[in-house]
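Shown next, in structure tokens, is the structure this report addresses.
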Amino acid sequence: MAVIEHHETVPGGGEVYLSEASPRDFFELLKPRVMSLVVFTAFAGLVVAPGTINPFIGAIAILCIAVGAGASGALNMWYDADIDAVMTRTAKRPIPSGRIRPEEALAFGLTLSAFSVVILGLAVNWLSAGLLAFTIFFYAVIYTMWLKRSTPQNIVIGGAAGAFPPMIGWACVTGGVSIESVVLFLITFLWTPAHFWALALFKMRDYDAVGVPMLPNVSGEATTKVQILIYAVLTALIAVVPTVLGFASFGYGLFAAALGLGFVWYSIGVLRMPEGDRAMVPAKKLFAFSIVYLFAIFSGLMLDHLIASFGWVL
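Terminal number for the sequence shown in UniProt numbering: 314, no gaps in between.
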């Protein structure tokens, strides 16, 4: 791994390291694609929550959640730099490509973590700040440093980190946690295994090369396909619970059920995929649809809430 460095001589004969990393390199450390999903679900939690929040305070809350999510990504890239350098999907990330030094990424991640939590606590409330701090810790330490390299259930347990944002958004408005916010948490939590194992199926060689015990590499394709279908069914079911509990309309319930059937349909396609199929087309289709699915579910919840605020009934 070649590191781009620049040194300048200072009075007295010493040298000072000057980073040549660009702002774009540091932005890439934040995992902007993952951050966008986190921000979106957090915003949905904030919108759907009962009560109101000052728009300016709400914007600060979303910014803090985004920065906290980005900090988690930076810490993840710092710790995983060794395996990122081997995997084709991650080899061009800033640290393995030599554009950013590991210690820079670590300092960047820790600084942003502290900043996001403190500002969220001071500007909004300390419960949401505590949830954000726990989320960063869970992703950076529990998942990245422990679960990812030790168990094929890494994504199942570690998925909690990506599922907290809507709960944080809810807490920003209400100052508390309720059964409704737990349901929002569970939608993302149960969605994560099917989404990520679909990716793991067509990236098995990469994970095998770095020794990360993803489910397809440890338990085989057949077991993974069955597990994907099980979690797809569970996700489809939990996504209609907002209607059952009464904080979403019947119209939303029909919409969520239709999306859930699509999720299950694509998962059945993966189940029927021939063993050893290198093209992995059904797995790639499921992975792509799963992203659309999650955005659509939370979009549906927000739209339903907006329609209800006008007194309309679906």
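Here a beta-carbon is modelled for each residue, glycine too, at the ideal position from N, C-alpha and C.
Quick caveat, the model's predicted, so the values are computed rather than measured.
State the DSSP-derived secondary structure class of residue i, mapped to helix, strand or coil.
i, result
"S219", "helix"
"residue 330", "Nothing can be reported for residue 330: it is not among the residues displayed for the chain, which extend from 1 to 314."
"M1", "Confidence in M1 is poor, its pLDDT being 47 and thus under 50, which makes the residue's placement unreliable; the coordinate value appears in the next sentence. Residue state, collapsed to three classes: coil."
"N125", "coil"
"G253", "helix"
"P242", "helix"
"F298", "helix"
"L53", "Per the sequence presented here, residue 53 reads as Ile, with Leu not at that position. Looking at I53 - three-state DSSP - the assignment turns out to be coil, as it is neither helix nor strand."
"P193", "helix"
Leaving out the 5 sequence neighbours to the left and right, which residues in its chain are closer than 8 Å to residue i when beta-carbon positions are compared?
i, result
"M87", "K203, D206, Y207, A209, V210"
Going by CA-CA distance only, name the one from the options that's closest to residue i.
i, options, result
"D304", "V39, P94, A44, Q153", "A44"
"L234", "V48, S249, P274, I187", "I187"
"F26", "G300, L201, P94", "P94"
"T281", "L294, W146, S267", "The displayed chain sequence assigns Val, not Thr, to residue 281. Of the listed residues, the one whose Cα sits closest to V281 is S267."
"P152", "L201, F164, P274", "L201"
"L261", "K284, S309, Y293, G251", "Y293"
"L229", "A198, S309, G246", "A198"
"P102", "A163, A85, L215, V118", "A85"
"G158", "A140, G300, L259", "A140"
"S181", "T41, F138, R149", "T41"
"W265", "R149, V241, K225", "K225"
"A69", "T111, L254, M35", "M35"
Hey, does residue i have any beta-carbon neighbour from chain B nearer than 7 Å?
i, result
"T151", "Looking for chain B here will not work: only one protein chain is present."
Roughly how many angstroms separate the alpha carbons of residue i and residue j, rounded to a whole number?
i, j, result
"A107", "T192", "29 Å"
"L237", "C64", "31 Å"
"D277", "V270", "11 Å"
"I297", "A171", "20 Å"
"H195", "F287", "5 Å"
"S249", "T243", "5 Å"
"G109", "W146", "18 Å"
"A123", "I57", "7 Å"
"L245", "S97", "49 Å"
"V3", "A74", "The predicted position of V3 is uncertain, since its pLDDT is 46 and thus under 50; no value can be drawn from it."
"A256", "L46", "20 Å"
"Y252", "W126", "32 Å"
"I168", "L190", "18 Å"
"V118", "M214", "35 Å"
"residue 315", "I155", "With the chain running from 1 to 314 in the structure shown, residue 315 is simply not present."
"F247", "S116", "30 Å"
"S299", "I142", "30 Å"
"P165", "V38", "6 Å"
"V212", "A232", "23 Å"
"Q227", "T90", "26 Å"
Please list, in chain order, all residues of the same chain as residue i whose beta carbon is under 7 Å from its beta carbon, the five residues on each side excluded.
i, result
"L120", "A61, C64, S128, A129, L132"
"T174", "A49, P50, G51"
"E221", "L201, E275"
"M1", "Because M1 sits at a pLDDT of 47, beneath the cut-off of 50, its placement in the model cannot be relied upon, and the point is left open."
"L29", "G73, A74, M77, P94, I100, A105, F108"
Can you list, in chain order, the residues of its chain whose CB lies under 6 Å from that of residue i, leaving out five sequence neighbours each side?
i, result
"T144", "N76, Y79"
"S113", "A71, I136"
"A283", "A198, L201, F202, V270"
"A163", "F185, T188, F189"
- Task: Only counting runs of 4 or more residues, tell me where the alpha helix (DSSP H) segments fall wholly within the region 72-118, in order along the chain.
- Result: Inside the region 72-118, DSSP marks whole alpha helix (DSSP H) runs of 4 or more residues at positions 81-84, from first to last along the chain.
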